[in-house]
Amino acid sequence: MKIGIANDHAGVALKKEVVEHLEMQGHEVINFGTDTLDSVNYPDYGKKVGQAIVSNEIDLGILICGTGLGISIAANKVKGVRAACVSEATSAHLAREHNHCQIIAFGARIVAGELAKDIVDSFINAKPMEGRHTQRVALIGQIEEETSFELDSVSCGIE
Ligand code: RB5
771 MKIGIANDHA GVALKKEVVE HLEMQGHEVI NFGTDTLDSV NYPDYGKKVG
821 QAIVSNEIDL GILICGTGLG ISIAANKVKG VRAACVSEAT SAHLAREHNH
871 CQIIAFGARI VAGELAKDIV DSFINAKPME GRHTQRVALI GQIEEETSFE
921 LDSVSCGIE
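For what it's worth, our numbering labels the leading residue of the sequence shown as 771, then goes sequentially.
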């Protein structure tokens, strides 16, 4: 599987552990940075992996910041992305099975190395479930369509 990964300065060390773990399993990992402890803005990194998902450059994405919250919120702003921020493995596989998430996020200040690897394994080994789950995911996409139209109208009104 082709897996994209990105993080802010808080996630550098944990990202290294996760990449090693994935490569040992034979996955191709695309690293979108950051790789130094210099302070960066997590939205830039959430956006990179979100865009790589919607352009089909990667199959799945992993995001790490201090809490996992900011970077997942940013990724979810990319149209078509479903990113879940979790701190245990059950939510990680359900995010893929029920919510068809393409990105999993977690916090380097919240979960430790072994738990992070469990989260990643649960996520990438899970398969999206169909039927009612597909219908509900379609409803999420519908909200995106409806509200982006409203936003377009609002911005047209103020130009
Ligand atoms: C950076 O200090 C921190 O705010 C960031 O990593 C993240 O936790 C934001 O959600």
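Every residue, glycine too, gets a C-beta built ideally from N, C-alpha and C.
- A Cβ-Cβ contact shorter than 8 Å links V789 with N801.
- A straight-line Cα-Cα distance of about 13 Å links L885 and I874.
- Closer than 7 Å to some heavy atom of ligand 1: that describes the Cβ of D778.
- By the criterion of at least three beta-carbon pairs nearer than 8 Å, the stretch 806–823 is not in contact with the stretch 859–867.
- According to the DSSP assignment, V848 belongs to no beta strand (DSSP E), since it is labelled neither H nor E.
- Per the coordinates, the alpha-carbon of D778 lies some 18 Å from the alpha-carbon of K887.
- Out of I773, Q872, L784 and G901, the CA that lies nearest to the CA of C835 is found in L784.
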